[in-house]
């Protein structure tokens, strides 16, 4: 079954506190509730 | 109409972050949606979520349905799930199927298989961008027909045989998990594998006629736990439509968005053009508008008050304090509503047991909400399900379109 | 909505290009020095936070979570390689690795494909 996956992004420069969010997220076409 | 929803903080879409955080605030168009083409149906399943059976005289015409498809194309809704009732009993079904595909809208349709003879199966096998889903609620006729009616298992199997023989790819068998079939998961998998089909299992909601059989049919807590374990062990290649996201509170999250999509990423268009938050919420309180109104479906999706409320994620409520809230997100809105539970509280099948407590705490005098939208067959029906103890009248022939065919009611 | 086969010709002379990302052994590494384009079977729908990308052939669904990434995906066809596309779209240098990673993900699901024209 297609799974929701996230890309791993390399950590930005040391001064950054937060890790960058991944820019692409995959979603299964069957993976949302409220559909037959 | 909005009084049923708990008070929410003003909407403020976050930047970046997780996708589902974005989805909670809604999208300019649904990702996909369910479209019930007709309330007419040759069956009378005991748990029908749309209380189908009789055609509604106000059904969208062929031209109106084409207009909806045109809108979906403009909105770039890439994919629509067509159901009903039984969508193939609409004479223009095959025309609308081709029309949608020809207008960049892929179609999956959900059917009991009644019309899928060899010719139609061959037609589907050579058509791109169409997906078929056969409904089945028992791995044996004995279990299935109790809920869906005598002969319905045979009809489904014949359709599966025809599709397989015609070389159809990727077709699905969709099962609603009940107390009676929860022990048949391996058998369902074997059955679907034997046809080269994909198994899809979904959650029973107390919606439509499902409300009448909920107490008797919804899985027990033990069965839910087993189901969860089964999905973890066997879930590769088994679809769920993300309908078991409430089970994610058991531990490891199941694949899917794990989020109620109603009014945010999905919705329902019903046979008379009414737009509801989701197919499991066909009730005045979840009616957002009608596609026949000026501005059509797009205006309803983008501007209805109900959807604006749903896209304003709740910040309070009993569930948010639970450590499992991030996994289950409070469960299914429709399940809560139709069992008379508050929408900001636990799901009736909350795996931590809070739902059972909430159900027990309900006022004994409580009358649970009932939809006025009911197209159920009125009188006795050939091959009707025996679940509720009604005697079964055998079908005249398996493929009769009308359950009243040849029935002498004198 | 014509289906487009994924171009699978192996890159000759496999000196790793700057920013190359390695992906599972049974797949070719994503090579940003080649010309790419959004696949023909893919539809791209803008969203408030980026875009929804749907592949009509394999029915995969992806979300691009930044508007600049959407611009990059659209602009790939007009540039000879990924780095020049990123520069043309004014993506800050420090973010280039993240964008290359994102494009590698999209190539795995066939949302973008190598193009034959330079």
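Protein chains in written order, with the numbering used here: chain A, 145 to 180; chain B, 885 to 1294; chain C, 286 to 403. Don't be surprised by glycine CBs; every beta carbon is placed ideally from N, CA and C. Every value quoted in this text rests on a predicted model; they were computed, and no experiment measured them.
In terms of Cα proximity to residue 1075 (chain B), the closest of B:1052, B:1040, B:1050 is B:1040. Across the segment 338-356 of chain C, CB contacts with chain A closer than 7 Å involve 344, 345, 346, 347, 348, 349, 350, 351, 354, in sequence order along the chain. Fewer than three pairs of CB atoms, one per stretch, sit closer than 8 Å, so the segment 1237-1247 of chain B makes no contact with the segment 1255-1268 of chain B. Counting along the chain, residue 322 (chain C) sits inside the beta strand (DSSP E) bounded by residues 321-323. Excluding sequence positions up to five before and after residue 943 (chain B), its CB lies within less than 7 Å of the CB of 922, 1155, 1156, all in the same chain and listed in chain order.
Along the segment 1145-1173 of chain B, going in chain order, the ones with a CB nearer than 9 Å to a CB of chain A are 1145, 1146, 1147, 1148, 1149, 1150, 1151, 1152, 1161, 1162, 1163, 1164, 1165.
Pairwise C-beta distances place the segment 1171-1187 of chain B out of contact with the segment 1043-1061 of chain B, as fewer than three of them are shorter than 8 Å. Contact annotation: residue 176 (chain A) and residue 964 (chain B) have beta-carbon atoms that are not nearer than 7 Å. Counting C-beta pairs with one atom in each stretch, the segment 322-331 of chain C and the segment 386-403 of chain C have three or more that are closer than 8 Å, which means they touch. Cα atoms of residue 347 (chain C) and residue 1095 (chain B): separation of roughly 36 Å, rounded to the nearest angstrom. In terms of Cα proximity to residue 1082 (chain B), the closest of B:1266, B:929, B:1017 is B:1017. Under DSSP, residue 1056 (chain B) forms a beta bridge with B:1017, B:1082. If you draw a straight line from the Cα of residue 340 (chain C) to the Cα of residue 390 (chain C), it is about 14 Å long. Beta-bridge annotation (DSSP): residue 1112 (chain B) is not paired with any residue. Residue environment analysis places residue 1028 (chain B) among the buried positions, since at least 16 neighbouring C-beta atoms fall within 10 angstroms of its C-beta. Counting along the chain, residue 1129 (chain B) sits inside no alpha helix (DSSP H), nor does DSSP assign it H or E at all.
A straight-line Cα-Cα distance of about 15 Å links residue 941 (chain B) and residue 971 (chain B). Remark: C-beta atoms of residue 1267 (chain B) and residue 1228 (chain B) do not approach each other more closely than 7 Å. Residues of chain C whose Cβ lies closer than 8 Å to the Cβ of residue 1129 (chain B) do not exist, since the nearest Cβ in that chain is about 17 Å away.
Counting only Cβ-Cβ distances below 8 Å, residue 171 (chain A) has contacts in chain C at 346, 347, 348, in chain order. Taking all protein chains in view, the Cβ of residue 931 (chain B) is crowded by 16 or more other Cβ atoms within 10 Å, so the residue is classified as buried. For residue 168 (chain A), the secondary structure class from DSSP, reduced to helix, strand or coil, is strand. Using a Cβ-Cβ distance cut-off of 8 Å, the segment 349-357 of chain C and the segment 366-378 of chain C are in contact, since at least three pairs of beta carbons, one from each stretch, lie closer than that value.
About 13 Å separates the beta carbons of residue 1159 (chain B) and residue 1169 (chain B), which is beyond the 8 Å limit, so they are not a contact pair. Contact note: residue 362 (chain C) does not reach chain A at a C-beta cutoff of 7 Å; the least C-beta distance is about 18 Å. The continuous alpha helix (DSSP H) containing residue 393 (chain C) extends over residues 381-393. Boundaries for residue 1196 (chain B): no beta strand (DSSP E) harbours it, and the DSSP string shows neither H nor E there.
Apart from sequence neighbours up to five positions away, the residues of its chain that approach residue 1215 (chain B) with a beta-carbon distance below 6 Å are 1130, 1231, ordered along the chain. Nearest Cα to residue 924 (chain B) within the set B:1108, B:996, B:955, B:1273: B:996.
The beta-carbon of residue 393 (chain C) is placed no less than 7 Å from the nearest beta-carbon of chain B. Every beta strand (DSSP E) stretch that sits fully inside the segment 332-356 of chain C and reaches 3 residues is listed by chain position as 335-340, 346-349. Between residue 1005 (chain B) and residue 1047 (chain B), the C-beta spacing is below 7 Å. Nearest Cα to residue 961 (chain B) within the set C:336, C:366, C:316: C:336.
Contact with chain B is absent for residue 383 (chain C), since none of that chain's Cβ atoms lies less than 7 Å from the residue's Cβ. Within a 10 Å sphere around the beta-carbon of residue 1118 (chain B) sit fewer than 16 other beta-carbons, which makes this residue exposed.
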